[in-house]
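Protein chains in written order, with the numbering used here: chain U, 1 to 102; chain F, 1 to 461. One structure below.
Printed below as a string of structure tokens:
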């Protein structure tokens, strides 16, 4: 069983404006990138399960030159609202680390 | 365009973050023709726009701006600042203007200072909306008048055109309202005829200063050199370097699309961009494309909502730490009951949240069974209500329960570790952004008000 943290040397998250959270997955080398960048486990359903995201509002881009996959979803509550727990979304990546890729 | 490339100092990621004087001097000695930086972002939340308040302290901003204005005056090159005072609202611009005027007097210089106000009048926006000129960006829907009225302050993120107009009118220092980070840096090169793809991409890459370098802790700024065939970027600190990876990776930062960046009047497309090392510390960037689009400005609106009061305790009691989720749920129910009975409010009138720092405060999830107990936790109590007085009364009513709530009744009541006296802290309103929309305009300077400060007549202080 391979999890995301096994095949990435760096994973990060941050706000992309007040309404979106974006994740950058820096894969360890082109082989891991090629093998996992299109993984269904990194699809909209995972973001729905982990973050309550609307699957229609999940974006994915592969950046082969950097061995990076960029994933973003629309926040379910606005930045800084009454239930805010992570103003800059800088900790949201942690939930992705254990996602099983195969 | 002049014969050589356009050289621009980006001295820091944000004004007040810590400009390094030697770096600015070095940039000037290398032939820089302008200094450009933003002074804010939406990233730290809506409070700074709603309150017209800076995130940085006044002393830090004054220190950085003093270095830049002194260097600009000495070299005879413009100092261009965007998103003044963190949010770029009129109050944020005025706060920065007062600092700049104070600096000018202290330095004995008389720069021509342009203020670019980008705060928007509600009646104007309603008229634009009624005319179908305001469009939503996901995840928000169409705009209505009530949402416009509900905002405390609304700004439009300007493009480069008002900056170019101010530079052409002889501005030595520009203090802009809300502006895209990219436009603040791109404007000078665009004015001098640089290719739009290179100018905009140079602005994007350098928007966070040395963030696009290999050693982000070495120095604060970068030097851009924008020519007809692309641009070069190098750190201003001699012991730092840029690499193709460090430069290209910055397109990922705080941005949901790594290839196409929407800006006023077009889209920067870096799909076919090539990053080439020039030497061991400089990277050349070619192939960036500017794709012109109908001119739009992004709107940002902020409003204050309900009020909050906080309390904080530390817990080391092993019996509690072994049963934290149960403790949380039982205490929360008891606090709600206590608040209802003692204030007469109903559940619809208020909200209480308990955040267990050291256990699950960030996620809010229940950790899986078998998760080891922490050594200690901090528990934050947050009461939210329509008025500060109500939130405060709820916290006061809950004080003893929060302080003493037992995990079992067969021992004497515990006393958890309050951090403060008085224990409750009124923290004011919750601030949220209310808009995620763009407004279509025909003239890029239509929604900006440019004001020049004449230091010789002593105005603007």
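Cβ coordinates follow ideal geometry from the N, Cα and C atoms, glycine included.
Closest by C-alpha distance to residue 14(U), out of 196(F), 252(F), 210(F), is 252(F). Within the segment 264-335 of chain F, the runs of beta strand (DSSP E) at least 3 residues long that lie entirely inside it are, in chain order, 266-269, 274-277, 283-286, 289-292, 296-315.
The alpha-carbon of residue 88(U) is positioned some 21 angstroms away from that of residue 310(F). For the pair residue 199(F) and residue 209(F), the CB atoms are not nearer than the 8 angstroms cut-off. Counting C-beta pairs closer than 8 angstroms gives fewer than three between the segment 124-139 of chain F and the segment 66-74 of chain F, which falls short of the contact rule. Excluding its 5 nearest sequence neighbours in each direction, residue 43(F) has no C-beta neighbour in its own chain below 6 angstroms. Under the 8 angstroms criterion on CB atoms, residue 15(U) is classed as interfacial with respect to chain F. In the displayed model, residue 58(U) falls within a strand according to three-state DSSP. Where residue 147(F) is concerned, the enclosing alpha helix (DSSP H) starts and stops at 145-150.
For secondary structure counted as the alpha helix (DSSP H) over 4 or more consecutive residues, the segment 13-59 of chain U holds these complete runs in sequence order: 29-36, 44-51. Residue 84(F) is not a Cβ neighbour of residue 41(F), given a cutoff of 8 angstroms.
Scanning chain U for C-beta atoms nearer than 8 angstroms to the C-beta of residue 56(F) yields nothing, as the closest lies near 16 angstroms away. Residue 279(F) and residue 235(F) have their C-alpha atoms spaced approximately 12 angstroms apart. In its chain, beyond the 5 residues on either side, 136 have a beta carbon closer than 6 angstroms to the beta carbon of residue 142(F).
Taking the C-beta atoms as reference points, residue 349(F) is found nearer than 8 angstroms to residue 385(F).
Non-local C-beta neighbours of residue 126(F) in its own chain, meaning closer than 8 angstroms and more than five positions away in sequence, comprise 145, 148, ordered along the chain. Pairing residue 183(F) with residue 203(F) gives a Cβ-Cβ distance under 8 angstroms.
Near chain U, meaning a CB-to-CB distance below 9 angstroms, the residues of the segment 248-263 of chain F are 248, 249, 251, 252, 253, 254, 255, 256, 257, 258, 259. The DSSP-derived three-state label of residue 242(F) is coil. For the segment 123-143 of chain F, residues whose beta-carbon sits nearer than 9 angstroms to a beta-carbon of chain U comprise 137, 138, 139, 140. The distance from the Cβ of residue 31(F) to that of residue 9(F) is about 10 angstroms, inconsistent with a contact at the 8 angstroms cut-off. Contact annotation for residue 46(F) against chain U: 18, 79, 80 [CB-CB distance below 8 angstroms, chain order]. Listed as beta-bridge partners of residue 8(U) by DSSP are 27(U).
Cβ neighbours of residue 19(U) within its own chain (closer than 8 angstroms, five residues either side excluded): 74, 75, 78, 79. Not one beta carbon of chain F lies nearer than 8 angstroms to the beta carbon of residue 9(U). Checking the DSSP bridge columns, you'll see residue 383(F) partnered with 309(F), 352(F). Residue 343(F) carries a helical assignment under DSSP once its states are collapsed to helix, strand and coil.
Taking the Cα of residue 262(F) as reference, the smallest distance to any Cα among 277(F), 5(F), 288(F), 293(F) is reached at 293(F).
Beta-bridge partners assigned by DSSP to residue 235(F): 222(F).
In summary, residue 9(U) is exposed, with fewer than 16 beta-carbon neighbours lying within 10 Å of its beta-carbon over all protein chains present.
Between the C-alpha atoms of residue 60(U) and residue 302(F) there is a straight-line separation of about 29 angstroms. Where residue 71(U) is concerned, the enclosing beta strand (DSSP E) starts and stops at 68-74. Interface with chain F (8 angstroms Cβ-Cβ cutoff): residue 59(U) is included. Pairing residue 300(F) with residue 52(F), the inter-Cα distance amounts to about 13 angstroms. In the DSSP assignment, residue 453(F) is bridged to 113(F).
Counting of Cβ neighbours within 10 angstroms places residue 78(F) among the buried residues, the total reaching 16 or more.
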